[in-house]
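First the structure, in the form of C-alpha cells, and then the observations on it.
2 protein chains.
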Amino acid sequence: MTEADRPVDNGVNVEALIAAREALSEAPEAAQFKWRAACQWKNGTHSHSSVESFFGLGEEQRHKRTFSFDADHPEVFAAEDNGATPVEYVLVGLASCLTAGVASVAQNREIQLRSVTATLEGDMDILGILGADTDARNGFEGIKVTYDIDADASKDDIEALVAQSQKRSAVYDIITNPTNVSVEVK
Amino acid sequence: MTEADRPVDNGVNVEALIAAREALSEAPEAAQFKWRAACQWKNGTHSHSSVESFFGLGEEQRHKRTFSFDADHPEVFAAEDNGATPVEYVLVGLASCLTAGVASVAQNREIQLRSVTATLEGDMDILGILGADTDARNGFEGIKVTYDIDADASKDDIEALVAQSQKRSAVYDIITNPTNVSVEVK
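First to last, the sequence lines map onto chains A and B.
Residue numbering for the first sequence follows the numbering used here, beginning at 1 and increasing consecutively.
Residue numbering for the second sequence follows the numbering used here, beginning at 1 and increasing consecutively.
If you want it as C-alpha cells, here you go:
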C-alpha cells in the first residue's frame, strides 16, 4: 500500500461523533452536560484543583482518573510559583480545545496530520488587577494563537481547518464572548 | 500570645504587592505582561501543553519549573480521556484565580482564613459543538461557583471578600467579558 492509499488516521473516531450528533439531535436532553472542578486553597495564592466527575448523556460520568492541578502566582508577584498562573490555565484550555478541533476537522476532511503545534501569548497590563489603573482591564487585552501544522494539505486547506476548529471551539467561544458566572458563598 | 493577638497570616505578602502597585504606577511599561503556553498535538483529541516563560517587569521571566498538562476528550466523546477536557482547564483557571484573590484580599483586610474551597459547575449543551443546533452556543451557558469559607469573619465580611476577589480577577474578567483572540497559521 502506498502512502496515498493509506486511509487517513488522526486518531479521531469521526464516525462515532457523527452518530452521536444524530442520536443527540433526537434526544436533546442527553446533550446537556455539566463540567466541574473543585478547588482547595493551600496557602498564599497557591491552590489545588481537581477534576473528576461530570454529567452527560443523562447520567453522572467519571474520568478514568482524577486530574489534579496546582496553581499559584509567580515569584515576581511575591508568591511561591507552586504551579501555573490561573491565566495560563486559560491559555492551556484554549490551545487544547483548538488543537482537538484541528484533529477532528482534519479527520472529517480526510487530511492526514503529521504534526500540529500552537504557541499562545496573552497580553496583560497588570495595573488592572493591582487596581492601579481603572482603564486597564483585569484580563487579557488580547490573545494571539499561532499554529504550525505539517499535513497532507495545501496552505489554504490548513487555514480552512483552523478556521473551522475556531468556529466549533467551546473555549474560543467562552473567551471571545461573554459568559455568565454566578459566585455564591455557602 | 493568644489567637486574637497573633498577626493574620494567609501567606500573602500584601506589603510587597502594595509596593509593586506604587512602583508600577510610576513605571507603567513594566506592568505590561505577556503570558504564554505551547501546545503539541499527540493523537486524536489528545494534546500536551507546557507553560514555562513569560514576559514582565520589562524582561523575560521563567517559572521555577516547566508546568505540563495533558488534555483530551472523555470516553463518552469516543476519545481516550488522557487528560482533563479543555473546558475543565477554564474552570481550573477561574477557581484558582478567584481563590488567590480571596486569600490576597483577606490578608489586606486582616481576616485570618482557615479553609477555602470552591466547587464549580459549567452547563453546556453539546449540540453546539457538534454543529447540530445553531441556537446552542459552543461554550458554557453559564458557570456557577460556590465557596465554602471558614475564616475569622462574619458571613457579610466573607461575602465582601469574595465580591472584591471577583472585581479584581483576571480570569473572571476573561470569561465574563469578550476578549479578542487572533488565530494565525505560520
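Cβ coordinates follow ideal geometry from the N, Cα and C atoms, glycine included.
The structure presented is a predicted model; accordingly, all values stated were derived computationally and were not measured.
- Rounded to the nearest angstrom, the gap between the Cα atoms of T176 (chain B) and I143 (chain A) is 16 Å.
- Assigned with DSSP and collapsed to three states, I158 (chain A) falls in helix.
- Taken through DSSP and simplified to helix, strand or coil, L130 (chain A) comes out as coil.
- In this structure, the CA atom of Q40 (chain B) is about 22 Å from the CA atom of R65 (chain A).
- S25 (chain A) and A16 (chain B) have their C-alpha atoms some 55 Å from each other.
- By the C-beta density criterion, T134 (chain B) is exposed, having fewer than 16 other C-beta atoms within 10 angstroms.
- Shown here for D81 (chain A): same chain residues with a beta carbon closer than 7 Å to its own, the five before and five after excluded, namely D72, P74, E75 in chain order.
- Uninterrupted beta strand (DSSP E) stretches at least 3 residues long and entirely within the segment 2 to 49 of chain A occur at 32 to 43, given in chain order.
- Interface annotation for the segment 138 to 155 of chain A against chain B: N138, G139, F140, E141, G142, I143, K144, V145, T146, Y147, D148, I149, K155, criterion Cβ-Cβ distance under 9 Å.
- Here S68 (chain A) is exposed, its C-beta having fewer than 16 other C-beta atoms within 10 Å.
- Going by beta carbons, F33 (chain B) and I126 (chain A) fall inside the 8 Å limit.
- Excluding the 5 residues flanking it on each side, T45 (chain A) has same chain C-beta neighbours closer than 6 Å at D72, H73, A79, in chain order.
- Contact annotation: the segment 87 to 100 of chain B touches the segment 92 to 102 of chain A, with at least three C-beta pairs closer than 8 Å.
- Taking the Cα positions, K186 (chain B) is about 21 Å away from Q107 (chain A).
- L120 (chain A) places its beta carbon less than 8 Å from that of R36 (chain B).
- For L113 (chain B), the secondary structure class from DSSP, reduced to helix, strand or coil, is strand.
- N108 (chain B) is outside the set of residues whose beta carbon lies under 8 Å from a beta carbon in chain A.
- In chain order, N10, G11, V12, L113, V116 place their CB closer than 8 Å to the CB of A103 (chain B), counting only its own chain and leaving out the 5 sequence neighbours on each side.
- The Cβ atoms of R168 (chain B) and N138 (chain A) sit closer than 8 Å to each other.
- Going by C-alpha positions, Y147 (chain A) is about 49 Å away from A153 (chain B).
- In the three-state reduction of the DSSP assignment, G139 (chain B) falls in the coil class.
- For A38 (chain A), the closest C-alpha among the options A:V14, A:A27, A:V51 is that of A:V51.
- Taking a C-beta cut-off of 8 Å against chain A, the contacting residues of the segment 103 to 130 of chain B are A103, S104, L113, S115, V116, T117, A118, T119, L120, E121, G122, D123, M124, D125, I126, L127, G128, I129, L130, listed in chain order.
- For the C-beta of A16 (chain A), the chain B residues within less than 7 Å are, from N- to C-terminus, A78.
- Within its own chain, the residues whose Cβ lies closer than 6 Å to the Cβ of L98 (chain B), once the five positions on either side in sequence are excluded, are S165, S169, listed in chain order.
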